[in-house]
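J.: Throughout the sequence shown, residue numbering follows mature numbering (1 follows the signal peptide of the UniProt record, and there is no 0), covering -23 to -1, 1 to 904 in sequence.
Beta carbons: idealized from backbone N, C-alpha and C, even for Gly.
This structure is in structure tokens; I'll ask about it shortly.
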Amino acid sequence: MVTRKLWMALAVVAVCLLHEAKGVDRNNFKTCEQSSFCRRLRLSEPETSKFVVLPETLQTYKQYILLDLQHSETKHLYVLKLGAVKGGIFHFQINEKSPLSERYRVVDALAKEPEYVGVKVETGSASTIVVTAEGGTSKAVVQLAPFKIDFLNGEKVVVSANSMGMMRFEHLRRKETAQPAPVENEQEGQENEVQEVKEDPGAWEENFKSHHDSKPNGPEGLSMDFSFPQGKVLFGIPEHADSFILKHTAGGKSDPYRLYNLDVFEYELDNGMALYGAVPVIYGAGPSTTAGVYWQNAAETWVDIFSPEQEKNVMSSIVNFVSRSNQEEAPAANFISESGIVDAFVLVGPTPLDAFRQYTDLTGKAPLPQMYAIAYHQCRWNYNDEQDVTTVSAKFDEHDIPMDTMWLDIEYTDGKKYFTWDHHKFPHPLEMIRNLTERGRHLTIIIDPHIKRDGGYFFHNDCTDRGYYVKNKDEKDYEGWCWPGAASYADFFNPEVRKYYADQYLLENFKESTAEVGIWNDMNEPSVFNGPEVTMLKDNIHHGGWEHRDVHNLYGHMHIMATYDGLIRRAEGTLRPFILTRSHFAGSQRYAAVWTGDNMAEWGHLQASIKMCLSLAVSGISFCGADVGGFFGNPDSELFYRWYQTGAFQPFFRSHAHIDTKRREPWLFPEDVKLIIRDAIRKRYRLLPLWYTMFYEHERSGLPIMRPMLAHYPTDTKCYDLDSQFMLSDKLLVAPVLKAGQNKVDVYFPAKENGEGDLWYDLDNNRKYSSTGYESISVDNYKVPVFQRGGSVVPRKDRIRRAATLMKDDPYTLVVALDKNAAAKGTLYIDDETSFEYRSGKYLYLEFEFKDSVLSSKKIDTTASYPTKSWLERVILVGLTKTPKSATLHLSNGESSTLEVYLEGGAAVVRKPGVSMLDSWSIKLNY
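Written out as structure tokens, the structure reads:
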């Protein structure tokens, strides 16, 4: 026993050292060639599909059809179910008709059961079956032989499934019967599906390094290609530290993009290696149409990208490119999954925003966070003790830097046992929390899913006694290693386990906590230091008898589901929970914010933070950010303050660092650097009303907060691969400094469909930019190139306090930026900033409009109301062609008054209207 404990301790130390090593060890992670199902099912070129539809099996129902498919060689039968979902979405599933055992279907990713609409079926053609969605312009055309499905919006084919013939579906079988079926006139070298399975050495069991995968169900992989005939580029399928636009991978020159949630520290840039999350949604964008596909599968998945535009530039591929048909020249993606069924939702667009909305209609929107959660967070691994926390908080006040949340990493616990405290370092946690709360601040603590195997730990004893742990293939409690040493893992797929886990957050159980404390769920891929690829064995068993291979990418999602339930019940439904998660799947946005994991203090990782958060945002996860400064390493002063300047314009804004890095609170840097960081954080706080409004509008619409340029300018193809700048809603264009030593940034101002551009105004000096194309913007140490779009109104608060929670009743400033018609519109959302009462109508949602020299305010939702104490302090108008002499304020009760107008920084400023934000009013400019 002593030997085992010693060995275990040495193993944990070894992994900890790996986490401190320089760079990721790629040998710890599989390539496609090392992954048997990817090796078996990956094809480099299109071919004629081996699947055909049996038209005589057609069954029509009000909202869907059923058809049998048959593999032309094995003669195995499959069932296609095809229906239409409200809002421009098709849903189809393909499964074995009579499988040996049930195949896994993803649960809990969708926000609710889709709202299916009626379909009209036409079978007039001998070669196709046409399914038209009621109440829309979309339809699906099923080609019988070879099988494919074209999805049309109007008369345009926007997505085509299996047009490249890459569909594979390994039916379940017993090992002893896996013999090649005789095929007449078989060409030399041709192999049918069963024969390929038999010959692959990893089909029935597989080894990777010292780990063995028993594969009790044998080979059960599947794949399907989707092409986007109207598209020019593909994007989506996060999480990868790569460019926003997906790169060409087909042809074997590089691995496909991999979706398999893994703990990868110091991850490499510019490749498709798997990282912490997997969101299997992809979009194809072109000047006329953007469409998408959500591939609902939680097993390990590889996605091969076929990009003719990129392939054209590779001389060795020109012949193949020219020889393909027009259909095959479209960009395409081939999804290859280890198990499960084909379960795909097709998003027909037609605009990028339409496609994004269709996806979040399925998987849900992020609920509005509390105001403090979108302000600035201060974290490191680890703040040492209560005095450290108190001192750091006080230092932010001393240096007049706003901050809303202090974070504690794993060292606050009693020996890495979650829901406990180390009472030597933190003897009075409740007092510490209250001290923060009294100053308007919050505490967030980490709680990971691994559970220390310790006979004196209540959590471990309960899970052991009640059978709550994930099991190994022998039905024993699975044991792996993580930060505590020997650990086991709660089976969150069991509703009873989720409830038990959620119960631990209740204040009667976790007594040394409060309802205001935020939760950080880390290491939930799950991370297992001694497991294959630093994660759990695939032949482990979950609730319902499902193998871990079937549900791997969902594990972290189920973890945060339980946490969210616990926090909701902890506050008896009165407070909006704040959760940060590392692992994520489709739909995780309903429960938690996401950060981009263990990045490095390098300029390339700063650049990657934009690309990664853009990919997550279009995949439903808007509440995204990266560790400011880089988790590993020690940033120099320039990188550090440039990262703050970038992070201040990303949805989640947190500084975080590894335990072995130098302390890097802003005041520990030279005074000039501290002041730049202070300025960046204050810019964030000044714009919190805009951020809060954008988060609310995301919950209403599902549209991303942080957006790629192509979201609003899809006809400008120069926007497609532009991932060094981004938009916030449709209001701000942000182009941060992302390289060392820059004294200028080349900012691209896009063109609209008619070739004209919008007007843009520099947020710092109100300078107007009216042309399209690149403009060189000079930058100094303080400068962040940010531009307000002409035609928008941006709300802000100019009285910066120590925490956002203390700014609730402060007055507003409205920045009105005029378009070419001297008009502008904008919105502002106001509520109590903490509770769910806004869902009962206790809020204000206001629209501001400037037209014909009059700025007016009115309620958007007239039945909603909130008794805000806030009032209008200033109106700043940029883009006026002449200066008003004065302005007249008109109230809804008929009262009016004259207001002073003065020039400041190239803008006209209406001084102190003093009107309550509750009132309806107008301000007329007088010339």
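Identify, in the order they occur along the chain, each residue of the same chain with its Cβ nearer than 8 Å to the Cβ of A569, setting aside the five sequence neighbours on each side.
T.: Counting only Cβ-Cβ distances below 8 Å, and skipping sequence neighbours, we find N498, I537, T540, Y541, I556, L557, T558, H561 and F600.
J.: Under 8 Å Cβ to Cβ from D896, same chain only, skipping five residues before and after it: list those, please.
T.: Excluding positions up to five away in sequence, the list reads S834, L868 and S869.
J.: Determine the DSSP secondary structure at D190, reduced to helix, strand or coil.
T.: If DSSP states are grouped into helix, strand and coil, D190 belongs with the strands.
J.: State the Cα-Cα distance for the pair Y466 and I428, rounded to the nearest angstrom.
T.: Taking the straight line from one Cα to the other gives about 6 Å.
J.: P844: buried (16+ other C-beta within 10 angstroms of its C-beta) or exposed?
T.: Exposed, since its Cβ has fewer than 16 Cβ neighbours within 10 Å.
J.: So which of M250, A61 and A332 has the shortest CA-CA distance to V270?
T.: Comparing Cα-Cα distances from V270 to each of M250, A61 and A332, the minimum goes to A332.
J.: Cβ atoms of N238 and G254: under 8 Å apart, would you say?
T.: Result yes, Cβ atoms of G254 and N238 sit closer than 8 Å.
J.: May I ask you to report which of helix, strand or coil DSSP gives E168?
T.: Reliability fails at E168, whose pLDDT of 40 lies under 50, so the model's placement of it is uncertain and the value that follows must be treated cautiously. Of the three classes helix, strand and coil, the one that applies to E168 here is coil, per DSSP.
J.: Does the beta-carbon distance from N361 to G317 come in below 8 Å?
T.: Result no, Cβ atoms of N361 and G317 do not sit closer than 8 Å.
J.: Taking its Cβ as the centre, do 16 or more other Cβ atoms sit within 10 Å of residue 907, making it buried, or is it exposed?
T.: Since the displayed the chain opens at -23 and closes at 904, residue 907 lies outside it and no answer follows.
J.: Using the DSSP secondary-structure output, state which residues sit across from E524 in a beta bridge.
T.: Per DSSP, I518.
J.: Our contact map puts M704 next to M686 with C-beta atoms below 8 Å; I'd like the distance itself, whole angstroms only.
T.: Indeed, because the Cβ distance is near 6 Å, the residues count as touching under 8 Å.
J.: Between I282 and G198, is the Cβ-Cβ spacing less than 8 Å?
T.: For I282 and G198, no; Cβs fall outside 8 Å.
J.: Where does S899 fall in DSSP's three states?
T.: If DSSP states are grouped into helix, strand and coil, S899 belongs with the strands.
J.: Contact check, A841 vs R567 under 8 Å by CB: the rounded distance?
T.: In fact, because the Cβ distance is near 23 Å, the residues do not count as touching under 8 Å.
J.: Are the stretch 211 to 219 and the stretch 23 to 36 in contact at 8 Å, needing three or more beta carbon pairs?
T.: As far as the Cβ criterion goes, the stretch 211 to 219 does not touch the stretch 23 to 36, which means the pair count is below three.
J.: In this structure, how does DSSP classify T397 when only helix, strand and coil are distinguished?
T.: Coil.
J.: Out of E615, L345 and T491, point me to the one whose CA is closest to R553's CA.
T.: Out of E615, L345 and T491, L345 has the C-alpha closest to the C-alpha of R553.
J.: Whole angstroms is fine: what's the gap from P159's alpha carbon to E50's?
T.: For P159, the pLDDT reaches just 44, beneath the cut-off of 50, and the residue's location in the model is therefore unreliable, although a value from the coordinates is still provided. If you take the alpha carbons of P159 and E50, they lie about 9 Å apart.
J.: Please tell me whether R663 and D775 are closer than 8 Å, where the distance is taken between their beta carbons.
T.: Against a cut-off of 8 Å, the Cβ pair of D775 and R663 comes out as a contact.
J.: Assess, as a yes-or-no matter, whether the stretch 413 to 422 is touched by the stretch 453 to 465 under the definition of 3 or more beta carbon pairs within less than 8 Å.
T.: Counting Cβ pairs under 8 Å, fewer than three are found: no touch.
J.: What do you get for I837, buried or exposed, if any count of 16 or more other CB atoms within 10 angstroms of its CB means buried?
T.: The residue in question, I837, is exposed, as its Cβ has fewer than 16 Cβ neighbours within 10 Å.
J.: Taking buried to mean at least 16 other C-beta atoms within 10 Å of its own C-beta, is K488 buried or exposed?
T.: Classification for K488: exposed.
J.: As an exercise, report each continuous beta strand (DSSP E) stretch of at least 3 residues that is fully enclosed by the stretch 18 to 93, in chain order.
T.: Counting only runs of 3 or more, we get 28 to 37, 41 to 48, 54 to 62 and 66 to 73.
J.: Between which residues of its own chain and T551 is the CB-CB distance below 6 Å, once the five residues before and five after are set aside?
T.: Answer for T551: S812, listed in chain order.
J.: Thinking L223 and Y234 are a contact (beta carbons under 8 Å), I'd like their distance in whole angstroms, please.
T.: About 7 Å separates the two Cβ atoms, so the contact holds.
J.: Is the stretch 630 to 644 touching the stretch 775 to 794 in the sense that three or more CB pairs, one from each, lie closer than 8 Å?
T.: Result no; under three Cβ-Cβ pairs closer than 8 Å.
J.: Compare the beta carbon distance of K74 and D45 with 8 Å and say whether it is the shorter of the two.
T.: Contact flag set, yes.
J.: What whole-angstrom Cβ distance do F203 and Y260 have, given they're in contact under 8 Å?
T.: Contact flag wrong, Cβ pair sits at about 11 Å.
J.: Hey, quick one: how far does the alpha helix (DSSP H) through L710 stretch, first residue to last?
T.: Counting along the chain, L710 falls outside any alpha helix (DSSP H), though it belongs to the beta strand (DSSP E) covering L709 to V711.
J.: Looking at the unbroken alpha helix (DSSP H) that takes in G581, where does it start and where does it end?
T.: Where G581 is concerned, the enclosing alpha helix (DSSP H) stretches over W580 to A594.
J.: Have a look at A885 and L854 and give me their C-alpha separation to the nearest angstrom.
T.: Whole-angstrom Cα-Cα distance: 5 Å.
J.: Determine whether the beta carbon atoms of residue 908 and H188 lie at a separation below 8 Å.
T.: The question about residue 908 has no answer here: the residues shown for the chain are numbered -23 through 904.
J.: Is DSSP giving M535 helix, strand or coil here?
T.: Three-state DSSP puts M535 in a helix.
J.: Between I106, S284 and E243, which has its C-alpha nearest G263's C-alpha?
T.: The residue with the shortest Cα to Cα distance from G263 is S284.
J.: Spell out the partners DSSP gives N184 in its beta bridges.
T.: Answer is H189.
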